[in-house]
Amino acid sequence: MGLGAEIRNKIAKRAAEEIEHGMLVNLGIGIPSLVPNHLPSGKTVMFHAENGITGMGPSPVKGQEDSNLCNAGGYPVTLQEGASYCDSATAFGMIRSGKIDITILGALQVSGSGDLANWIVPGKRVPGMGGAMDLAAKAKKVIVVMNHCDKNGSSKIVEVCTLPLTAKSCVQMVITEMAVFEVTPEGLLLSDIFSHYSVDEIRVRTEVQFGISESLRTLTY
Amino acid sequence: MLANTFQKITEIDYIKRFFKDGMTIMYGGFGGIGTPPGLVDAIIESKIKELTLIGNDTGFPDIGIGKIVTSKQVKRLIVSHIGSNPNAGKFMTNGELEIEFSPQGTLAERIRAGGMGLGGILTDVGADVEVVRRNKQTCEVDGKTFLIETALTADVSIVHAEKADPYGNLIFSKSARNTNPLVAMAGKITIAEAEEIVPLGELDPEGIITPGVFVDYIIPSKGVNWKWVWEQK
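If you're matching them up, the sequences are chains L and Z in order. So that you can map any letter, position 104 of the first sequence is 104 in the numbering used here, and since no number is skipped, the others follow by simple counting. So that you can map any letter, position 71 of the second sequence is 71 in the numbering used here, and since no number is skipped, the others follow by simple counting.
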């Protein structure tokens with residue numbers, strides 16, 4: 001991703017604030033996988049994995065791995081109390097029928113109207129969509145966590161996605177190392193800024209025009 | 001000695017007669033977890049080619065179904081993801097391999113529909129995404145547009161079970177269940193590789209995940225013979 005561990009954790013911490021007690025949450029790989037570390041004690045959250053786990057716990061300590069108990073990325077995990085297994089069809093039934101309260105995932109591009117592109121760079125990287133389309137289209141809330149700009153310095157928040165879409169108008173919130181935006185019917189709304197940045201800097205580095213929340217918050221962590 | 005009441009318990013060498021050039025094979029597993037290692041090796045040893053494979057993903061180059069992709073026995077894939085197997089991407093780019101991508105939940109449901117004797121399913125996942133919608137029929141239900149996603153079946157389905165009994169009743173291990181119960185239903189011939197084969201009556205009927213009706217043959221497993229990615233680091 002190109003962001004240092006400290007910044008990645010700040011983004012994850014802000015995303016974790018969106019999660020409420022009792023929610024069913026699906027996390028993508030990368031920064032999203034850091035989110036559970038930032039949940040306050042007292043919140044019990046069920047983490048969902050596409051390969052058929054409801055109630056996934058943290059990574060096991062070294063030596064305690066079970067090769068038959070892994071997340072959707074193929075890495076060993078543990079179970080939390082109350083966990084269950086199911087087959088893939090049931091795991092995606094949960095997704096399509098709207099049981100996932102929040103999914104937190106990475107993105108290549110997000111448009112001002114919440115279109116998401118995160119599965120393919122034609123001619124360069126063609127991994128397949130996996131479960132991304134199902135999750136993006138059907139989770140109750142889709143939160144994107146990503147670098148504000150790509151490695152060429154271009155805004156990843158764009159007027160129109162130039163990469164093939166994962167799903168249209170699906171993203172509700174975008175969290176970057178600079179700021180937090182809500183996607184509203186009137187367009188993007190800047191809700192939080194990380195303390196090292198100013199609104200002007202964010203305007204310069206964001207391709208899309210945005211409004212500013214009346215309760216704009218400065219994130220000091 | 002375990003009673004082979006239904007003549008379903010057999011050896012890999014007997015199974016090899018079902019492997020033919022150009023056939024469609026469906027496999028259980030997710031990133032290699034839950035993919036039957038002995039049956040994968042048997043397919044490689046049989047040197048059959050021009051295969052169509054249907055499953056969740058292409059594993060890793062040396063893990064799971066990925067080994068059959070790496071050995072270039074595959075002509076066509078129907079999968080949701082190839083990101084963990086660079087060989088699949090390479091063969092697709094150079095034209096050796098045709099890949100149909102299906103969103104993961106849609107793919108699981110197409111396999112389930114095949115096993116359930118249905119013609120397909122209706123879903124709106126991907127209905128507004130060109131690569132998914134392309135060449136598919138749509139239909140309107142209550143004013144909403146759905147894609148008609150066709151059911152999938154296979155000449156042979158291969159699954160990896162934790163335990164089997166002589167009727168072919170199966171239970172799976174933890175997240176290695178994944179697509180296995182779906183794939184088990186969708187094969188014209190379904191072969192289960194089991195870590196343990198127990199006598200009839202030993203599996204709790206309440207706990208059986210795949211009823212033995214769907215399983216034609218059972219072979220004993222020698223276990224996973226590859227190193228997982230997290231073990232390689």
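For every residue, glycine included, the Cβ atom is placed at its ideal position computed from N, Cα and C.
Looking only at its own chain, which residues have a Cβ that is under 7 Å from the Cβ of Lys67 of chain Z, when we skip the five neighbours before and after it? Looking up residue 67 of chain Z in the second sequence gives position 67. Here the set comprises Val40, Ile44.
Selection of the segment 51 to 70 of chain L by Cβ proximity to chain Z, strictly under 8 Å: Residues passing the 8 Å Cβ filter: Asn51, Gly52, Ile53, Glu65, Asp66, Ser67, Asn68, Leu69, Cys70.
With contact counted as at least three CB pairs below 8 Å, one residue from each stretch, are the segment 144 to 159 of chain Z and the segment 126 to 134 of chain L in contact? No contact exists between the segment 144 to 159 of chain Z and the segment 126 to 134 of chain L.
Quick one, which of L:Ala132, L:Val174, L:His196, L:Leu163 has its alpha-carbon nearest Gly123 of chain L's? Position 123 of the first sequence, counted from the first residue, corresponds to residue 123 of chain L. Of L:Ala132, L:Val174, L:His196, L:Leu163, the smallest CA-CA separation from Gly123 of chain L is found for L:Leu163.
Determine, using beta carbons only, whether Ile95 of chain L comes closer than 8 Å to chain Z. Here residue 95 of chain L refers to the residue found at position 95 when the first sequence is read from its first residue. Output row for Ile95 of chain L: interface = yes.
If you compare alpha carbons, which of L:Thr220, L:Thr184, L:Val121, L:Val199 is closest to Cys161 of chain L? Locating residue 161 of chain L in the first sequence gives position 161, where the first residue counts as 1. Relative to the Cα of Cys161 of chain L, the nearest Cα in the group L:Thr220, L:Thr184, L:Val121, L:Val199 belongs to L:Val121.
With a threshold of 8 Å between beta-carbons, can Ala241 of chain Z be considered close to chain L, or not? Lying before the first or after the last residue shown, residue 241 of chain Z is absent from chain Z, which here runs from 1 to 233.
Helix, strand or coil for Ile65 of chain Z, going by three-state DSSP, please let me know. Stepping through the second sequence from its first residue, residue 65 of chain Z is reached at position 65. Three-state DSSP puts Ile65 of chain Z in coil, outside helix and strand.
Along the segment 138 to 158 of chain L, what residues have a CB closer than 9 Å to any CB found in chain Z? Taking a C-beta cut-off of 9 Å against chain Z, the contacting residues of the segment 138 to 158 of chain L are Lys138, listed in chain order.
What does Ala49 of chain L pair with, by DSSP beta-bridge criteria? Your numbering for residue 49 of chain L matches position 49 in the first sequence. DSSP lists L:Ile53 as partners of Ala49 of chain L.
Residue burial classification, Met173 of chain L (beta-carbon count within 10 angstroms, cutoff 16): As a position in the first sequence, residue 173 of chain L is number 173, starting the count at 1. Classification for Met173 of chain L: buried.
Alpha helix (DSSP H) runs contained entirely in the segment 31 to 111 of chain L, provided each spans 4 or more residues: Here the runs fully enclosed are 88 to 96.
Residue-level contact to chain Z via CB, Ser165 of chain L, 8 Å cutoff: Working through the first sequence from its first residue, we reach residue 165 of chain L at position 165. Here residue 165 of chain L is Leu; the residue named in the question, Ser, does not match the sequence. So, interface residue.
Inter-residue Cα distance where the pair is Gly211 of chain L and Gly42 of chain L: In the first sequence, the residue the question calls residue 211 of chain L occupies position 211. In the first sequence, the residue the question calls residue 42 of chain L occupies position 42. When rounded, the distance between both Cα atoms is 35 Å.
Reference Ala161 of chain Z, options Z:Leu170, Z:Asp62, Z:Thr58, closest by Cα: By 1-based counting over the second sequence, the position of residue 161 of chain Z is 161. Here the closest residue by C-alpha is Z:Leu170.
Against chain L, with Cβ distances strictly below 8 Å, would Gly105 of chain Z count as a contact? Looking up residue 105 of chain Z in the second sequence gives position 105. By this cut-off, Gly105 of chain Z is an interface position.
Around the Cβ of Val61 of chain L, are there at least 16 other Cβ atoms within 10 angstroms (buried) or fewer (exposed)? Within the first sequence, residue 61 of chain L is the residue found at index 61, counting from 1. The residue is exposed, with fewer than 16 neighbouring Cβ atoms inside 10 Å.
Can you find the residues in the same chain that come closer than 6 Å, C-beta to C-beta, to Leu216 of chain L, ignoring five residues on each side of it along the sequence? By 1-based counting over the first sequence, the position of residue 216 of chain L is 216. For Leu216 of chain L, where only same-chain residues beyond five positions count, there are no Cβ hits under 6 Å.
Can you look up Lys163 of chain Z in the DSSP assignment and give me helix, strand or coil? Taking the first residue of the second sequence as 1, we reach residue 163 of chain Z at position 163. Correct three-state label for Lys163 of chain Z: strand.
If the cut is a Cβ gap below 9 Å, which residues of chain Z does Gly131 of chain L touch? By one-based count along the first sequence, residue 131 of chain L stands at place 131. Near Gly131 of chain L (Cβ distances below 9 Å), the residues of chain Z are Ser80, His81, Pro103, Gln104, Gly105.
At least three beta-carbon pairs within less than 8 Å, the segment 99 to 107 of chain L to the segment 11 to 30 of chain L: Three or more pairs of CB atoms, one per stretch, sit closer than 8 Å, so the segment 99 to 107 of chain L contacts the segment 11 to 30 of chain L.
Residues bridged to Thr153 of chain Z by DSSP? Here residue 153 of chain Z refers to the residue found at position 153 of the second sequence. Paired residues: none, contrary to the question.
Taking Lys234 of chain Z as the reference, give the member of Z:Gly105, Z:Glu109, Z:Pro61 with the closest Cα. Nothing about residue 234 of chain Z can be reported from this structure: the residues present for chain Z run from 1 to 233 only.
Rounding to the nearest angstrom, what Cα-Cα distance links Ala186 of chain Z and Gly114 of chain L in this structure? Counting from 1 along the second sequence, the entry for residue 186 of chain Z is found at position 186. Counting from 1 along the first sequence, the entry for residue 114 of chain L is found at position 114. Straight through space, the alpha carbons of Gly114 of chain L and Ala186 of chain Z are spaced by roughly 38 Å.
Are the beta-carbon atoms belonging to Asn56 of chain Z and Phe18 of chain Z less than 8 Å from one another? Residue numbering aside, residue 56 of chain Z sits at position 56 when the second sequence is read from its first letter. Residue numbering aside, residue 18 of chain Z sits at position 18 when the second sequence is read from its first letter. No. Outside cutoff.
What residues of chain L sit near Arg177 of chain Z, judged by a beta carbon separation below 7 Å? Position 177 of the second sequence holds residue 177 of chain Z. Those are Gly52, Tyr85, Asp87, listed as they occur along chain L.
If you compare alpha carbons, which of Z:Ala113, Z:Lys72, Z:Arg133 is closest to Ser102 of chain Z? If you number the second sequence from 1, residue 102 of chain Z lands on position 102. For the residues Z:Ala113, Z:Lys72, Z:Arg133, the minimum Cα distance to Ser102 of chain Z belongs to Z:Arg133.
For the segment 114 to 162 of chain L, list the alpha helix (DSSP H) runs that are entirely contained and at least 4 residues long, ordered along the chain. If we require 4 residues or more, the alpha helix (DSSP H) runs fully inside the segment 114 to 162 of chain L come out as 132 to 138.
What does DSSP give as the partner residues of Glu201 of chain L in its beta bridges? For the purposes of this step, residue 201 of chain L is taken as the residue at position 201 of the first sequence. Partner(s): none; Glu201 of chain L has no beta bridge.
Just the chain Z side, please: which residues come within less than 8 Å of Asp134 of chain L by C-beta, in chain order? Taking the first residue of the first sequence as 1, we reach residue 134 of chain L at position 134. Those are Pro103, Gln104, Gly105, Thr106, Val125, listed as they occur along chain Z.
Verify the CB distance criterion: does Val126 of chain L have a CB-CB separation below 8 Å to chain Z? Position 126 of the first sequence, counted from the start, is the residue given in the question as residue 126 of chain L. Closer than 8 Å to some Cβ of chain Z, the Cβ of Val126 of chain L qualifies, so yes.
Would you kindly work out how many angstroms separate the C-alpha atoms of Ser175 of chain Z and Ile191 of chain Z, rounded to a whole number? Working through the second sequence from its first residue, we reach residue 175 of chain Z at position 175. Working through the second sequence from its first residue, we reach residue 191 of chain Z at position 191. Each residue's CA atom was taken as its position, placing Ser175 of chain Z and Ile191 of chain Z some 20 Å apart.
Within its chain, find whatever has a CB closer than 6 Å to the CB of Gly22 of chain Z; leave out the 5 residues flanking it on each side and keep chain order. Here residue 22 of chain Z refers to the residue found at position 22 when the second sequence is read from its first residue. Cβ-Cβ distances below 6 Å link Gly22 of chain Z to Glu50 in the same chain, with the five nearest sequence neighbours on each side left out; the list follows chain order.
Our contact map puts Gly59 of chain Z next to Asn85 of chain Z with C-beta atoms below 8 Å; I'd like the distance itself, whole angstroms only. Indexing the second sequence from 1 puts residue 59 of chain Z at position 59. Indexing the second sequence from 1 puts residue 85 of chain Z at position 85. That belief holds up - the Cβ atoms of Gly59 of chain Z and Asn85 of chain Z are roughly 6 Å apart, short of 8 Å.
Taking the DSSP output, what are the residues bridged to Lys144 of chain Z? Working through the second sequence from its first residue, we reach residue 144 of chain Z at position 144. As DSSP reads the structure, Lys144 of chain Z sits in a beta bridge with Z:Val141.
Report buried or exposed for Leu107 of chain Z, applying the criterion of at least 16 other Cβ atoms within 10 angstroms of its Cβ. As a first step, residue 107 of chain Z must be located in the second sequence, where it is residue number 107. Counting the other CB atoms within 10 Å of its CB gives Leu107 of chain Z a total of 16 or more, which places it among the buried residues.
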